[in-house]
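Notes follow once the structure below has been shown.
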Ligand code: FES
Ligand code: FES
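Laid out in C-alpha cells, this is it:
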C-alpha cells in the first residue's frame, strides 16, 4: 500500500486510486478525504462492509488490506493505492461460503447481523495470522463490538474453525467480486477515472456493464397473459424504442449503437423519488425463440445505484394470446437498497406488471405508448403494501 506522498490537491479535486478489491483491479477518481469504507460501499457497491462509529472503535468496518485486518473507516482511499483489499463479499458467497461463514451459521453467531462482516473478517485475520489461542480468544475478538448476540456463538464459531483447520484457515474465496462498479483500470493510463454516476451522467461512452456476481437484492419473476399474438408482442420487444416506452417512468435518450442505449428512469417509493441515468445493453436477442436478455445499470444523483439482468420471453398461447415472462436479478445499493428486499421486490413486480400491460397495448395498437411521467409514487407504494397485506392475511387464514 503506497500513499500519494507530497501530492497537493485543491479541496474539490479528485485523485485516481487503483485498488484490487476481492481479486479485481479497479481505478476510481476519489476526493482525498474519502474514506475507504465510503469508497467500498458507495462507489463499489460492497455494502457488506458496515459502518458504525466511523472513528475506529466498533470494528464493523473491518476488512483486509494486503492480508491484514484494518478499519476501513480510518483509511483514506488514496492511502490504499495499489493495495489488495478483501471485504466480506470476497470471503465467500452464498453459494460458496467460507468455513467461517458456515460456522457462524451453524452456531447462530448473529442476531441482527450488523457486526457479522466485521466479526468474520476479524476472525479470519486471527486464524490466518497464526496467533490463535483458545485462552485469549475473547480478548482477541474484542476489537469488534456486538450489541445483540452475547458473543458466545461468535467465539464458538471461530473456535470450531480453528479446531477444524489446524494447518491454517482456507484463504478468502475472493474470486467473486460482489459489485465492482467503478471504472476498470483498462480505461486508459492517465485518463480520469470515474464511478458509474459520472459515466452515465457525463454522456461519455459507457463502460462495460458489470453485473455483481453475488446474490441479487431482488429477484423478480412475473408472467402476464396478454391478448395480443406472440409476433405482435415480439415486434414491440424487438424495437427498443417502443420497449423503453412501455417501461413505466423510462425514457430512451440515445441509441449508442451496438445494441446499447442510454436513458433515464424515474422510480418513486412513497415520498422518495429517484431519477436514474443509465445504460442498457441487449446481449441476447433471439427472434425465433422470442427471448431476449438485457443488462442494465443506472445511478441517481442521491447515491442510489442499480444493476440488473433482465430476461424477457414471449410464448404463444393456444388461444392466440401470449404469455410474457419477465425475470430480473436486481442489485441495489445506496438509498434505494434501504427500502428492504421485500418492498423493493413488490414494487419491481408491480412495475413489470405495468410494463406487460403497456406491451399488450402497444402490440394491439402497433404504436409506442405515450411516454409517462412514471407511476404515481403513492399508488405504487400503496399497491405494493396492499398486495403484501393481502398475502399476510391469506397466510393467517390458512
Ligand atoms: S465504523 Fe470503523 S471502527 Fe467503527
Ligand atoms: S449480531 Fe447484532 S450487533 Fe452483532
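In this note's numbering, the protein residues as written are 232 to 629. All residues carry an ideal CB built from backbone N, CA and C; glycine is no exception.
Could you spell out the range, first to last residue, of the beta strand (DSSP E) harbouring residue i?
| i | result |
| --- | --- |
| residue 230 | With the chain running from 232 to 629 in the structure shown, residue 230 is simply not present. |
| residue 336 | Element bounds for residue 336: not the beta strand (DSSP E) but the alpha helix (DSSP H), 330–337. |
| residue 321 | Element bounds for residue 321: not the beta strand (DSSP E) but the alpha helix (DSSP H), 319–322. |
| residue 481 | 481–488 |
| residue 370 | Where residue 370 is concerned, there is no enclosing beta strand (DSSP E), although the alpha helix (DSSP H) it sits in stretches over 368–371. |
| residue 455 | 449–457 |
| residue 325 | That residue, residue 325, is in no beta strand (DSSP E); it is neither H nor E in DSSP. |
| residue 258 | 255–261 |
| residue 295 | 293–296 |
| residue 540 | 536–547 |
| residue 251 | 246–252 |
Our contact map puts residue i next to residue j with C-beta atoms below 8 Å; I'd like the distance itself, whole angstroms only.
| i | j | result |
| --- | --- | --- |
| residue 490 | residue 513 | 4 Å |
| residue 280 | residue 303 | 6 Å |
| residue 631 | residue 295 | Given that the chain is displayed from residue 232 to residue 629, the structure contains no residue 631 and the question cannot be resolved. |
| residue 561 | residue 449 | 4 Å |
| residue 259 | residue 309 | Actually they are not in contact, since the Cβ atoms of residue 259 and residue 309 sit about 10 Å apart, beyond 8 Å. |
| residue 313 | residue 249 | 6 Å |
| residue 290 | residue 403 | That pair is no contact at about 18 Å. |
| residue 315 | residue 380 | That pair is no contact at about 30 Å. |
| residue 559 | residue 473 | Their Cβ separation, rounded to whole angstroms, is 19 Å, which puts residue 559 and residue 473 out of contact at 8 Å. |
| residue 582 | residue 535 | Not really, about 15 Å apart at Cβ, beyond 8 Å. |
| residue 372 | residue 384 | Not a contact, Cβ separation roughly 12 Å. |
| residue 564 | residue 374 | Not confirmed; about 27 Å, so no contact. |
| residue 359 | residue 400 | 5 Å |
| residue 531 | residue 507 | 5 Å |
| residue 520 | residue 541 | Not a contact, Cβ separation roughly 16 Å. |
| residue 458 | residue 552 | 5 Å |
Given that a residue counts as buried once 16 or more other Cβ atoms are within 10 Å of its Cβ, and exposed if not, what is residue i?
| i | result |
| --- | --- |
| residue 539 | buried |
| residue 529 | buried |
| residue 548 | exposed |
| residue 253 | buried |
| residue 288 | exposed |
| residue 286 | exposed |
| residue 378 | exposed |
| residue 454 | exposed |
| residue 395 | exposed |
| residue 297 | exposed |
| residue 446 | exposed |
| residue 509 | buried |
| residue 604 | Low local confidence applies: a pLDDT of 47 at residue 604 is under 50, so the model's placement there is unreliable, with the coordinate-based value given in what follows. With fewer than 16 Cβ atoms within 10 Å of its Cβ, residue 604 is classed as exposed. |
| residue 398 | exposed |
| residue 498 | buried |
| residue 255 | buried |
| residue 408 | Because residue 408 carries a pLDDT of 40, less than 50, the predicted location of this residue cannot be relied on, and the following value inherits that uncertainty. Flag for residue 408 reads buried. |
| residue 494 | buried |
| residue 261 | buried |
Ends of the alpha helix (DSSP H) at residue i?
| i | result |
| --- | --- |
| residue 353 | 347–359 |
| residue 558 | Per DSSP, residue 558 belongs to no alpha helix (DSSP H); it is in the beta strand (DSSP E), 553–564. |
| residue 385 | 383–395 |
| residue 467 | 461–469 |
Could you tell me whether any Cβ in chain B is nearer than 8 Å to the Cβ of residue i?
| i | result |
| --- | --- |
| residue 373 | The chain labelled as chain B is not found in the depicted structure, where only one protein chain is given. |
Original post:
Are the stretch 361–375 and the stretch 384–398 in contact at 8 Å, needing three or more beta carbon pairs?
Top reply: yes
Subject >> Three CB pairs or more closer than 8 Å across the stretch 514–523 and the stretch 478–487 >> reply: no
Original post:
On the three-pair Cβ rule with 8 Å, is the stretch 335–345 touching the stretch 456–470?
Top reply: no
**OP:** Check whether the stretch 260–276 touches the stretch 324–338, counting contact only when three or more Cβ pairs, one atom from each stretch, lie closer than 8 Å.
**Re:** no
**OP:** Output the residues surrounding ligand 1, defined as those with a CB atom closer than 7 Å to any ligand heavy atom, in chain order.
**Re:** 268, 282, 283, 284, 285, 286, 287, 288, 289, 290, 291, 292, 302, 303, 304 and 305
Subject >> Residues surrounding ligand 2 [beta-carbon distance to nearest heavy atom under 5 Å] >> reply: 341, 342, 343, 345, 346, 377, 378, 379 and 380
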